[in-house]
Amino acid sequence: MGVLTRSRTAKVIGGIALISASALVLAGCAGDSSPAESGSSSAPAGDREDLTLKIGTVLPQTGSLAFLGPPEEAGVLLAVNEINEAAKGITVELSPGDSGDTDNKAYETTVPRLQSEGVSAMIGAAASGVSKLFLDSNVSENIITFSPANTSPDFTTWDDNNLYWRTAPSDLLQGEVLANQIAEDGHSTIGIIYINDAYGTGLEGVVKEVFEGTGGEVVAEASFNTGDTSFDAQVATIAAANPDAIVAITFDEFATIAPLLVNAGQSAENFYLVDGNLKQWGADIPVSLEGAKGTTPGPVLEDDFVERLNAAWTEAGNAELEDQSYAAESYDAAVLLALAALAANATDGPAIAGKLQEVSGGTGDGEKCTTFAECADIILDGGTADYDGYSGPITFDENGDPTEATIGIFQYGADNTHTRVND
């Protein structure tokens with residue numbers, strides 16, 4: 006395993022944390038995750054045949070992250086609709102599937118099905134712990150795994166043969182923003198309750214390191230396992246330390262944990278949530294969360310994206326979306342896959358992977374564009390496209406990580422729904 010060094014800056018402007026990964030150096034044996042040296046160069050439109058790209062989704066329709074499924078699936082659906090409507094010589098065939106979570110293991114049915122259908126890429130999973138359980142299988146089948154929401158730092162150095170990519174930033178970034186926000190809010194001690202999986206332990210470690218670096222102290226830590234339903238011991242550990250603030254790195258378990266913490270004398274206005282549990286809780290939690298804050302990757306969604314997103318989702322027979330978490334990252338994943346296929350003039354996984362860094366602007370020599378159609382025209386004219394999407398500039402590094410990201414900071418009101426701070 007190699008040594009990863011990042012230098013980055015983070016600041017909050019209008020409630021949005023802007024992060025730029027300005028240097029990334031990977032030393033030692035970090036696995037074969039560099040871009041493929043080979044791969045088809047862009048071919049002029051006259052030398053092309055129409056391409057058919059098969060994409061599957063492995064996103065949470067069930068399980069502890071099911072609240073993230075609708076916006077993620079809607080993002081992919083909207084992108085596929087717009088790619089096909091653009092008629093730029095590539096048609097995307099979409100096959101949806103459920104990832105579930107590490108407890109119900111729905112991915113064990115979905116992934117083999119999609120593999121047998123001959124997909125070139127799978128968009129998902131949302132949970133880092135789930136992706137880890139099928140990533141190697143996809144690598145062995147030369148299928149791209151492209152997550153819109155995985156944040157575990159472990160994927161940066163995964164031996165993935167260049168077949169793992171993500172539009173969500175590593176928890177090295179979210180954890181830094183969250184810890185700094187807690188310190189800026191005037192808290193000097195924190196307790197952390199977290200899920201004992203790749204996501205929870207990774208994010209907990211970053212929050213702890215950064216918060217202690219600000220001069221703060223982590224006075225209590227308590228973990229739980231996937232599938233646990235009783236959290237009395239963990240809450241007792243945190244409450245006994247009586248910290249200034251409590252960080253909850255959980256999924257839907259927060260609905261049970263939050264009332265226990267309040268009943269133990271902890272003030273909800275000092276709770277800090279993360280992307281795994283930052284949902285519009287409303288009446289699903291029987292205590293007030295007013296004043297609680299949380300972070301999740303993603304910028305303010307501009308122009309009519311949300312309107313188009315909801316239209317695509319409801320026209321497919323679904324209820325209107327309650328939020329848009331990771332919708333932009335999912336949309337951009339599908340667009341980037343299609344653009345990379347056009348650039349490679351091929352639809353096999355390795356060829357597409359060999360062009361993903363290029364079409365994101367990661368090679369530094371492309372022409373800026375912001376829609377699939379615009380970028381496709383550049384490629385079809387023999388140029389190099391540099392796609393900037395709804396999730397940000399993206400700009401993949403050699404490990405398939407985005408080098409720029411926006412982390413939103415949110416705060417809950419009296420109705421237990423959140424809004425972006427000072428937005």
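In our numbering, the protein residues as written are 6 to 428. For glycine and all other residues, C-beta sits at the position ideal for the given N, C-alpha and C. Predicted model only: the values in this text are computed from it and were never measured.
Thinking residue i and residue j are a contact (beta carbons under 8 Å), I'd like their distance in whole angstroms, please.
i      : j      : result
Val223 : Glu217 : 6 Å
Pro117 : Thr62  : So it is not a contact: roughly 15 Å between Cβ atoms.
Thr156 : Pro304 : Actually they do not touch by this definition, with Cβ atoms about 16 Å apart.
Asp337 : Ser396 : 5 Å
Gly299 : His423 : 7 Å
Gly270 : Ala225 : Contact doesn't hold; Cβ gap of about 14 Å is too wide.
Thr161 : Asp406 : 6 Å
Glu379 : Gly371 : So it is not a contact: roughly 12 Å between Cβ atoms.
Asp86  : Ala317 : The question names Asp, but residue 86 is Asn in the sequence shown. Yes, Asn86 and Ala317 are in contact; Cβ-Cβ is about 6 Å, under 8 Å.
Gly287 : Asn421 : 5 Å
Leu384 : Leu344 : At residue 384 the sequence reads Ile, which differs from the Leu that was named. Indeed, because the Cβ distance is near 7 Å, the residues count as touching under 8 Å.
Name the two residues that bound the continuous beta strand (DSSP E) containing residue i.
i      : result
Ile60  : Leu56 to Val63
Lys373 : Glu372 to Cys374
Arg53  : First-last for Arg53: undefined, no H or E at that position.
Ile149 : Ile149 to Ser152
Lys284 : Per DSSP, Lys284 belongs to no beta strand (DSSP E) and is neither H nor E.
Leu99  : Ile95 to Ser100
Ile413 : Note that residue 413 corresponds to Gly in the displayed sequence, not to Ile. Note, Gly413: beta strand (DSSP E), Glu409 to Tyr417.
Pro75  : Note, Pro75: premise wrong, no beta strand (DSSP E); alpha helix (DSSP H) at Gly74 to Ala91.
Pro126 : The displayed chain sequence assigns Ala, not Pro, to residue 126. Start and end: Ala126 to Gly129.
Thr301 : Lys298 to Pro302
Thr424 : His423 to Arg425
Tyr392 : Ala390 to Tyr392
Within 10 angstroms of the Cβ of residue i, are there 16 or more other Cβ atoms? Answer buried if so, exposed if not.
i      : result
Ser69  : buried
Gly435 : Missing from the structure shown is residue 435; the chain here goes from 6 to 428 and no further.
Ala245 : exposed
Ser47  : Below a pLDDT of 50, predicted positions are generally treated as unreliable, and Ser47, at 49, falls in that range; no measurement from the model is reported.
Glu122 : exposed
Asp190 : exposed
Cys34  : Caution is warranted here: a pLDDT of 32 is assigned to Cys34, below 50, making its placement in the model unreliable, and the coordinate value is therefore given only provisionally. So Cys34 ends up on the exposed side.
Ala321 : exposed
Asn185 : buried
Ala92  : exposed
Asn247 : exposed
Glu54  : exposed
Asn230 : exposed
Gly2   : Examination of residue 2 is not possible in this model, given that the chain is present from 6 through 428 alone.
Ala390 : buried
Thr408 : buried
Ala126 : buried
Ala238 : exposed
Ala324 : exposed
Within the continuous alpha helix (DSSP H) that includes residue i, where are the two ends?
i      : result
Asp337 : Ala332 to Ala349
Asp382 : Phe377 to Leu385
Asp141 : Ser133 to Ser145
Thr114 : Tyr112 to Ser121
Thr368 : Here Thr368 belongs to no alpha helix (DSSP H), and DSSP marks it neither H nor E.
Ala316 : Phe310 to Glu320
What residues in its chain sit with their C-beta under 7 Å from that of residue i, if we drop five residues either side in the sequence?
i      : result
Gly134 : Thr107, Asp202, Ala203 and Tyr204
Ala41  : Confidence at Ala41 is low in this model, with a pLDDT of 39, below 50, so the placement of that residue should be treated as unreliable; the coordinate-derived value is given next. Same-chain partners within the cutoff: Asn167, Pro355, Ala358 and Gly359.
Asp308 : none
Ala346 : Leu56, Leu58, Ile95, Thr352 and Ile357
Tyr112 : Val63, Ser104, Gly105, Ala130, Val135, Leu138 and Phe139
Gln66  : Gly74 and Asp103
Gln441 : No answer is possible for residue 441: the residues shown for the chain start at 6 and end at 428.
Leaving out the 5 sequence neighbours to the left and right, which residues in its chain are closer than 8 Å to residue i when beta-carbon positions are compared?
i      : result
Glu98  : Thr57, Leu58, Lys59 and Ile60
Asp393 : Gly366, Lys373, Cys374, Thr375 and Ile399
Pro264 : Ile290, Pro291 and Val292
Ile251 : Ile195, Gly196, Ile197, Ile198, Ile243, Leu266, Gln271, Asn275, Phe276 and Tyr277
By Cβ distance, which residues of its chain are closer than 6 Å to residue i, with the 5 residues on each side in sequence left out?
i      : result
Ala154 : Ala131, Ala173 and Tyr331
Asn147 : Gly354 and Pro355
Val340 : Ala84 and Phe377
Pro75  : Leu326
Glu334 : Pro153, Thr172, Ala173 and Ser396
Thr114 : none
Ser314 : First, the amino acid is wrong: residue 314 is Leu here, not Ser. Ala79, Leu83 and Ala332, listed in sequence order.
Phe259 : Ala253 and Asn282
Gly207 : Ser157, Pro158 and Asp176
Ala419 : Glu295
Gly221 : Ala188 and Ser193
Glu209 : Ile197, Tyr199 and Ile254
Val240 : Leu265, Leu266 and Ala269
Ile128 : Thr62, Val81, Phe151 and Ala338
Does the beta-carbon of residue i, which I'm using as the reference point, lie nearer than 7 Å to any heavy atom of the ligand GDP?
i      : result
Leu347 : With respect to the ligand GDP, the structure shown offers nothing to examine, as it has no ligands at all.
Runs of 3 residues minimum, wholly inside the stretch 159–202: which ones carry the beta strand (DSSP E) assignment? 169–171 and 194–200
Entirely enclosed beta strand (DSSP E) segments - the stretch 227–275, minimum 3 residues: 250–254
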